[in-house]
DNA sequence: CGTAGTTATAGGTATAAACTATACAACACA
DNA sequence: TGTGTTGTATAGTTTATACCTATAACTACG
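Residue numbers (my numbering), protein chains in the order written: chain L, 2 to 302; chain X, 2 to 302.
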């Protein structure tokens, strides 16, 4: 079955004759007749009673007519429907985000995205960098919000912003009295570390190694909120991303930036190097940026 | 746009590649590629991002996929849907009936038909014979229940039954005392006549002419129920169809059959000579017969 | 009985969908 | 850095089929 056969069929039904239908369809009458016959063979039913000066729909024809019209109208609407869909941003977007970003930026981003593109569908995967890279390559994820470094050659990235790492101290910790904390002040101090499977854990480790700090790691956890609790209980200090600080309403810890060479992580959007980002993906990236900016704003005040 | 293009498109989307899709569709890969390209041109949008070992749907592709699947499933369901429709008698039937039959047989027939074919749609036209013949020829009506004679060569008929004409008398009318009323008893008697535009009126007139009765027509009406009333008030006598008598619960008139050459009209189903009656039409004819039979039954008792 | 109007059939043409072969690109793996 | 594998696109050819013209067969109607 092909659409032109349905077109011819509807034309015959509506004009009441093969000749008139052929005129309407801009084909010769025999061509149209043959296509109708072909359709009838395929369906195994006569569609028309051929009378002398008119044709009448058989029962099968009557049953076909509304269905054929439906299909044709759906087919002819497809083009405009697709344009509408694309323009109105009703597509679907699949994003990934690492666990050391998601808790702080995802809620706000999802909210904003949902308001800006109410008809779009979005799916979020929170996963470690390695897994997200695989997802990107397998096309399971359109874009991922993660942290450099990313060395896979199939991935391209765009920097969103730098998120500094700040010291987390228990309230009243000796260090909190020092005005300008320097790197050297951290040597051999009890430290709560993030698991190195997290890129953030790895980054902090490298940073300490580079600066030749050898913190005494007394706890290693998978979870930044665990770190917060340990720090607030005075078990040790830690380095946490500023985005955590800005969204921490508990004030159970004190936070200090390190003067001089403050460590930071480079937050990027990452996607398959051969893919062109969809409009929705670009918008999502913008929104993540806006959310971070607005955190900065409200934190200053 | 043609259905095979949509089939190829869905295959590519579902298999994630042109080669695999071509295998699934039993065509060579270049053929399929070209059809996809053609579809893309027609829609004015790329449907796939061609990556190295995979293809990803673009936004336009994502928008097309569910629509294409819908159309294809509708198309593939058409055959069975039509068979279902035809077998289950969900077709539509358009019947005609003359006004001197409809009041007595239509209500029961419609009721029975509706119960037997609950999903079918039926449309009834009550009209004079001339108009019904035109409707049949114009294919506006599938079958009509009417009375012979019908002389149009485009119409074929099937006799359903003979409906006798009986005398209608006012209660206590002198004639009602006669045991065996004969034709000669009717000569020059006051008569309530049906308009001759009704075939029944014409038939009665011919009958009187044939039998050389010259009734004194004191009233001419369009309506059999008017005749009933006039007769019951003693204005005169009349000839009415037996089907009226059998459905008259008022008993306001007395009815007598004429011994000897009792007049009757031949009730038939009529349809276009070139048309094959649909199953539903045949069933409707049966039902009309059954209704008349059941009237006879209940009248005897 | 011929004319006009209809659909079906026959036979040829042309379009376009199919095929084969091959080019081209990107990995994978040695 | 080659070499094989896997993927799509392109070129050229073949085949299928949708199309056309011409005409036949039929009927209604004048």
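Every residue gets a Cβ at the ideal spot worked out from N, C-alpha and C, and that includes glycine.
Is there at least one Cβ from chain X nearer than 9 Å to residue i's Cβ?
i	result
residue 50 (chain L)	yes
residue 71 (chain L)	yes
residue 135 (chain L)	no
residue 248 (chain L)	no
residue 126 (chain L)	no
How many angstroms separate the CA atom of residue i from the CA atom of residue j?
i	j	result
residue 109 (chain X)	residue 208 (chain X)	30 Å
residue 154 (chain X)	residue 274 (chain X)	8 Å
residue 239 (chain L)	residue 102 (chain L)	17 Å
residue 267 (chain L)	residue 98 (chain L)	14 Å
residue 5 (chain X)	residue 200 (chain X)	58 Å
residue 286 (chain L)	residue 114 (chain L)	10 Å
residue 88 (chain L)	residue 33 (chain X)	28 Å
residue 2 (chain X)	residue 224 (chain X)	59 Å
residue 19 (chain L)	residue 39 (chain L)	14 Å
residue 244 (chain L)	residue 17 (chain X)	39 Å
residue 104 (chain X)	residue 247 (chain X)	12 Å
residue 8 (chain X)	residue 65 (chain X)	12 Å
residue 162 (chain X)	residue 189 (chain X)	31 Å
residue 91 (chain L)	residue 215 (chain L)	52 Å
residue 179 (chain L)	residue 242 (chain L)	21 Å
residue 127 (chain L)	residue 27 (chain L)	57 Å
residue 183 (chain X)	residue 232 (chain X)	19 Å
residue 75 (chain X)	residue 81 (chain X)	10 Å
residue 132 (chain L)	residue 121 (chain L)	25 Å
residue 14 (chain X)	residue 58 (chain X)	7 Å
residue 145 (chain L)	residue 37 (chain X)	30 Å
residue 251 (chain X)	residue 143 (chain X)	35 Å
residue 107 (chain X)	residue 284 (chain X)	14 Å
residue 43 (chain X)	residue 292 (chain L)	40 Å
residue 22 (chain L)	residue 141 (chain X)	20 Å
residue 71 (chain L)	residue 52 (chain X)	36 Å
Can a CB atom of chain L be found closer than 9 Å to the CB of residue i?
i	result
residue 12 (chain X)	no
residue 1 (chain X)	Since the first residue of chain X shown is 2 and the last is 302, residue 1 (chain X) is not available in this structure.
residue 91 (chain X)	yes
residue 87 (chain X)	yes
residue 46 (chain X)	yes
residue 102 (chain X)	no
residue 76 (chain X)	yes
residue 1 (chain X)	For chain X, the structure presents residues 2 to 302; residue 1 (chain X) sits outside this window and is missing.
residue 79 (chain X)	yes
residue 57 (chain X)	yes
residue 43 (chain X)	yes
Quick one: list the residues of chain L neighbouring residue i, beta-carbon separation under 8 Å, in chain order.
i	result
residue 3 (chain X)	3, 4 and 5
residue 53 (chain X)	275
Give me the chain X residues within the contact set of residue i, using Cβ-Cβ distance strictly less than 9 Å, ordered along the chain.
i	result
residue 82 (chain L)	64, 65 and 68
For residue i, which residues in chain X fall below 8 Å Cβ to Cβ?
i	result
residue 297 (chain L)	Under the 8 Å cutoff, chain X gives no residues; its nearest Cβ is about 32 Å from residue 297 (chain L).
Determine the chain L residues that contact residue i at a beta-carbon separation under 9 Å, and present them in chain order.
i	result
residue 40 (chain X)	Here the premise fails: no neighbours, minimum Cβ distance about 10 Å.
Along chain X, which residues have their Cβ under 7 Å away from the Cβ of residue i?
i	result
residue 61 (chain L)	83 and 87
field: Unbroken stretches of the beta strand (DSSP E), 3 residues or longer, contained in the stretch 62-142 of chain X
entry: DSSP runs (the beta strand (DSSP E)) wholly in the stretch 62-142 of chain X: 93-98 and 122-127.
task: Check each residue of the stretch 153-178 of chain X: if its Cβ is closer than 7 Å to any Cβ of chain L, include it; give the result in chain order.
output: Those residues of the stretch 153-178 of chain X placed with their C-beta closer than 7 Å to a C-beta in chain L do not exist.
Near-chain L residues of the stretch 262-291 of chain X - C-beta to any C-beta below 8 Å: Close to chain L, meaning a Cβ-Cβ distance shorter than 8 Å, are the following residues of the stretch 262-291 of chain X: 273, 275, 276, 277, 279, 280 and 281.
query: Hey, which unbroken runs of the beta strand (DSSP E) at 3 residues or more fall wholly within the stretch 170-223 of chain L?
result: Taking only runs of at least 3 residues, the beta strand (DSSP E) segments lying wholly in the stretch 170-223 of chain L are 191-195 and 217-222.
- request: Taking only runs that begin and end inside the stretch 241-274 of chain X, name each unbroken alpha helix (DSSP H) of 4 or more residues, in chain order.
  value: Fully enclosed alpha helix (DSSP H) runs of no fewer than 4 residues occupy 243-247 of the stretch 241-274 of chain X, in order along the chain.
- prompt: At a Cβ cut of 7 Å, what residues of the stretch 136-151 of chain L count as close to chain X, listed as they run along the chain?
  reply: Going along the stretch 136-151 of chain L in chain order, one finds 140 with a Cβ nearer than 7 Å to chain X.
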